[in-house]
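There are 2 protein chains.
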Amino acid sequence: MINVCEILGTRYPIIQGAMARIAECNLAAAVSNGGGLGIIASGGESADWLRQQIQKTREMTDQPFGVNLMLLAPNVEELIEVICEERVPVVTTGAGNPGKYIAKMKEHGIKVVPVVANVALAMRVERAGADAVVAEGTEAGGHIGETTTMALVPQIADAVKIPVIAAGGIADGRGVAAAYMLGAKGIQVGTRFLVAKECIVAQGYKDAILKAKDSSTVATGRSTGHPVRVIKNKLAREILSLEKKNEDVEKINELCTGTLAAAVRDGDADHGNIMSGQIAGLVKKEQSAAEIIQEMFKEAEEIYEDRNHICRAGSSISGNGK
Amino acid sequence: MINVCEILGTRYPIIQGAMARIAECNLAAAVSNGGGLGIIASGGESADWLRQQIQKTREMTDQPFGVNLMLLAPNVEELIEVICEERVPVVTTGAGNPGKYIAKMKEHGIKVVPVVANVALAMRVERAGADAVVAEGTEAGGHIGETTTMALVPQIADAVKIPVIAAGGIADGRGVAAAYMLGAKGIQVGTRFLVAKECIVAQGYKDAILKAKDSSTVATGRSTGHPVRVIKNKLAREILSLEKKNEDVEKINELCTGTLAAAVRDGDADHGNIMSGQIAGLVKKEQSAAEIIQEMFKEAEEIYEDRNHICRAGSSISGNGK
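Taken in order, these protein sequences are the chains called A and B. The numbering used here applies: residue 1 is where the first sequence begins, and numbers increase by one. The numbering used here applies: residue 323 is where the second sequence begins, and numbers increase by one.
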């Protein structure tokens with residue numbers, strides 16, 4: 001099987017998660033310069049914006065990078081035109097089945113790596129020619145499915161032949177090593193990159209991640225069928241309260257209007273829509289993207305060796321030798 | 323740190339999950355004879371029933387076993403009397419903080435291992451004298467919290483000094499090895515033991531587990547604050563529909579009356595309350611409890627070694643060596 005670094009053209013088998021309004025050229029270039037695959041999130045953006053971001057990223061790094069396509073975006077075909085013209089090395093996709101677009105992108109030499117939340121979609125995108133899949137668990141931030149990383153990764157690994165990249169709940173070397181044990185050949189990381197020094201998100205957003213605990217996130221939007229994991233702040237509580245009252249989707253959408261900008265640009269910890277994974281509780285400091293990548297993989301190797309030591313001491317995986 | 327096998331008195335660091343109406347002497351003795359810690363689930367049962375089950379289990383095994391205490395049970399103090407009188411080796415607890423009961427049980431030489439779903443409770447039970455904690459992720463079956471195993475285990479491992487035992491999403495060697503990487507020193511397994519040959523649950527229940535896919539479970543009861551993970555059957559859909567309509571808890575409870583018995587005793591795949599973890603999709607055959615335990619740990623060792631091989635080939639954890 002071709003390995004993930006060969007597919008991505010990167011030094012480390014890590015993809016930066018696509019975060020709407022946050023993942024632009026600065027973060028993407030920093031991750032790519034750090035040896036991972038930086039991603040520009042195109043969801044909610046225009047084709048012109050995307051072209052500009054691709055060109056800026058190219059000015060900031062000579063390493064491969066990618067673009068994330070939100071398949072529900074009304075201008076998705078236009079965005080694909082730009083991606084093909086610019087010959088972006090890798091495309092990740094979210095919110096559906098990219099099947100009908102895969103052939104065209106592959107004709108332009110683009111590697112396609114869909115993000116999926118269930119086995120059935122993983123199998124469909126493999127048949128349509130995807131190069132790898134990101135199996136994303138419900139602990140991830142932003143738009144999510146219902147199955148957890150622990151349950152999803154091995155089930156997708158059993159169902160497809162292409163490499164599986166694990167996402168959701170990974171913010172340190174323990175998560176990296178665990179993902180490999182589950183059958184992943186690479187990882188995607190979002191939440192920890194939110195506090196990368198190069199990430200342009202407002203300080204208030206970063207602070208909300210840095211002070212989060214294990215139970216600081218909640219999934220809003222379950223009642224409307226589009227769950228989104230966010231920090232449990234004033235806004236999130238209001239949304240949940242409307243959902244509990246069975247209010248119209250329009251009323252909920254109205255409440256949410258402008259709240260992503262309030263989070264990303266203004267860092268409004270109360271009224272901003274602060275998307276975050278459950279693993280935010282492990283994220284304790286701002287670092288450069290390169291430091292984050294190196295630290296995670298170094299830790300993963302140390303943990304792997306450490307557990308081996310525990311094994312040899314006869315106290316854990318194989319029982320206590322009695 | 324004292325290891326989990328020493329605390330439990332077992333050959334393998336594995337606890338059988340407590341499953342109400344299912345986990346009785348037959349399964350508990352089989353797991354204990356297989357080298358794990360078998361558990362009798364006392365929730366919803368009388369003190370007499372529990373004493374009888376403890377005595378039957380002792381007739382069936384000379385190995386250590388445990389009792390699970392459901393802390394919301396109205397007769398919990400009576401059950402603790404029986405546990406102390408019978409000097410049960412280990413007690414696991416669910417649904418709350420066992421703090422005020424821990425000292426008494428420890429005076430009787432009983433090891434206490436609370437099941438927790440968040441960091442705050444893990445810290446509280448450690449202070450109250452717990453010997454270890456089971457950190458249970460939301461992918462587990464039955465009554466659940468909201469944080470996933472991948473996110474919960476490392477955060478609890480950072481917060482307490484006592485050993486952490488991972489639960490939720492573990493049904494094969496990949497899950498075992500991943501749990502160790504996350505910082506666990508042992509595992510608790512429920513769903514896979516549902517199909518143990520010695521498990522007395524009706525065949526219809528076992529068949530529902532054996533044919534489950536990755537997306538076959540759902541959490542009912544979120545709206546009432548008591549989420550329960552079950553197989554998404556006719557009953558589960560009806561409950562969710564009542565919840566969506568904001569019906570009274572009484573009406574939902576009425577619908578659920580007798581449904582656990584319908585599942586456990588009658589194997590009613592449509593109208594039974596078939597509790598199951600998300601990992602049911604990996605459970606493909608009935609085996610003896612001893613075979614399940616041996617296979618999981620053997621696989622875990624093989625997977626650990628296999629990943630090491632991948633590492634040395636330079637294709638994964640440490641990057642591709644470019």
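No residue lacks a Cβ here, since even glycine has one placed at the ideal position from N, Cα and C. For clarity, every value in this text was computed on a predicted model and none was experimentally measured.
- If you check the CB distance, residue 191(A) and residue 272(A) do not come in under 8 Å.
- Beta bridge pairing from DSSP links residue 68(A) with 41(A), 92(A).
- Look at residue 14(A) here: in three-state DSSP terms it is strand.
- Annotation: the continuous alpha helix (DSSP H) that includes residue 243(A) extends over 234-244.
- A contact is defined here as three or more CB-CB pairs under 8 Å, and the region 419-431 of chain B fails this definition with respect to the region 472-479 of chain B.
- Taking a Cβ-Cβ threshold of 8 Å, the residues of chain B close to residue 223(A) are 566, in chain order.
- Here the alpha carbon of residue 346(B) sits roughly 7 Å from the alpha carbon of residue 375(B).
- No Cβ-Cβ contact shorter than 8 Å links residue 590(B) with residue 495(B).
- Using a Cβ-Cβ cut-off of 8 Å, residue 476(B) counts as an interface residue toward chain A, since at least one Cβ of chain A sits closer than that to its own.
- It is roughly 17 Å from the alpha-carbon of residue 443(B) to the alpha-carbon of residue 217(A).
- Rounded to the nearest whole angstrom, the C-alpha separation of residue 327(B) and residue 15(A) is 38 Å.
- By the neighbour-count criterion, in which a residue is buried when 16 or more other Cβ atoms sit within 10 angstroms of its Cβ, residue 411(B) is buried.
- Assignment of residue 519(B) by DSSP, reduced to helix, strand and coil, places it in the coil class.
- In this structure, residue 73(A) sits away from residue 143(A), with a CB-CB distance that is not shorter than 8 Å.
- For the C-beta of residue 461(B), the chain A residues within less than 8 Å are, from N- to C-terminus, 147, 148, 150, 151.
- Taking the Cα of residue 452(B) as reference, the smallest distance to any Cα among 335(B), 436(B), 529(B) is reached at 436(B).
- Sequence-ordered contacts of the region 435-449 of chain B with chain A read 440, 441 [C-beta pairs closer than 7 Å].
- Any Cβ of chain A closer than 8 Å to the Cβ of residue 612(B) would place that residue at the interface, and such an atom is absent.
- Judged by their CB atoms, residue 39(A) and residue 163(A) are not nearer to each other than the 8 Å cut-off.
- Its Cα nearest to that of residue 208(A), the residue 283(A) stands out among 170(A), 251(A), 157(A), 283(A).
- Taking 9 Å as the Cβ-Cβ cut-off, the region 196-215 of chain A approaches chain B at 213, 214, 215, given in chain order.
- Per the Cβ contact rule, the region 167-187 of chain A is not in contact with the region 210-225 of chain A (fewer than 3 Cβ pairs under 8 Å).
- Taking all protein chains in view, the Cβ of residue 83(A) is crowded by 16 or more other Cβ atoms within 10 Å, so the residue is classified as buried.
- Taking the C-beta atoms as reference points, residue 110(A) is found no nearer than 8 Å to residue 133(A).
- Burial is judged here by how many other beta carbons sit within 10 angstroms of a residue's own beta carbon; residue 407(B) has fewer than 16 and is exposed.
- Listed by position along chain A, the residues whose Cβ is nearer than 8 Å to that of residue 494(B) are 154.
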